[in-house]
Amino acid sequence: MLDGPVTVVDVWQMLHSNAQEWHQVPRDANHYKVKDLLDQADTTAFRKLREFPVDYWEQLCAGAGWTLTGVVGLSWCQNASLDLVAHYWKKAIPVTVPNASTMRAASFFRKRLLPEETSVLEVIQKLQDDFTKIAIVLVTRHSELVFDVPTDLLANAPKELQPLIMHLLANRQDDPELAAIFERWKSEEEERSNT
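Numbering (our numbering), first residue to last: 964 to 1158.
Quick look at the structure:
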């Protein structure tokens, strides 16, 4: 039970319902207020999980089925860790695809679980090539990070991170080296899809 009359099941249902509604609201100026209200309601709901035991949230999400929203909720629970969240993130979304659903859910992630480094290269070194944890940091902190990975190292990025990197660096596609890397990645993905 959480504070007040709201149960943890109520929180889970509200978060998932709001996520669905948020994506159904048209993308025009008249509807941004609705999206803002949904975001504010979700922020409040996630914060309610701060004193909720992580193992109870795990049980709820395991029974209902793991979703990215459920994983983000886990990040807010008492005694949550990046290791535990990464385990369930991988179950919910094996490859982090940077679509509107992923980016919105990730915006609510509890940042205190993440490394404080702002250098992407330092994050990669700290997380010792754990692609799921790196993806979590990239998608949740993308606006705060300095993408300082040398082009030769970036060219060999694991396929699990390539869609996310292309999305995050889309504004730098006028760089010929970067554009060539992205084209190679797209070709390789097409080849994998055709086999």
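Glycine included, C-beta positions come from ideal geometry on N, C-alpha and C.
The ligand GDP heavy atom lying under 7 Å from the CB of residue i
i: E1085; result: This structure does not include the ligand GDP; it has no bound ligands of any sort.
CA nearest to the CA of residue i, picked from the options
i: R1104; options: V997, E1154, A1055 and A1068; result: A1068
i: A1004; options: L1031, D973 and A1027; result: D973
i: G1028; options: K998, Q976, S1070 and K996; result: Q976
i: H979; options: T1006, K996 and P968; result: T1006
i: R1013; options: S1064, L1117, A1142 and L1076; result: L1076
i: N1134; options: S1156, N993, F1110 and E1123; result: F1110
Residue i: first and last residue of the uninterrupted alpha helix (DSSP H) it sits in
i: T1158; result: Segment: none, T1158 is in no alpha helix (DSSP H) and carries neither H nor E.
i: H1130; result: Q1125 to L1131
i: R1067; result: A1063 to S1070
i: K1054; result: L1045 to A1055
i: R1104; result: F1094 to R1104
i: V1060; result: Careful: V1060 lies outside any alpha helix (DSSP H) and carries neither H nor E.
i: S1038; result: L1031 to W1039
i: D1111; result: Neither: D1111 is in no alpha helix (DSSP H) and is coded neither H nor E.
i: Q1088; result: V1083 to K1089
Inter-residue CB distance, residue i and residue j (contact presumed, cutoff 8 Å)
i: I1126; j: F1094; result: Reading off the sequence, residue 1126 comes out as Pro, not Ile. In fact, because the Cβ distance is near 12 Å, the residues do not count as touching under 8 Å.
Any alpha helix (DSSP H) of 4 or more consecutive residues that is wholly inside the segment 970-1028: 971-987, 995-1011 and 1017-1027
Contact the segment 1034-1050 vs the segment 985-994: 3+ CB pairs below 8 Å: no
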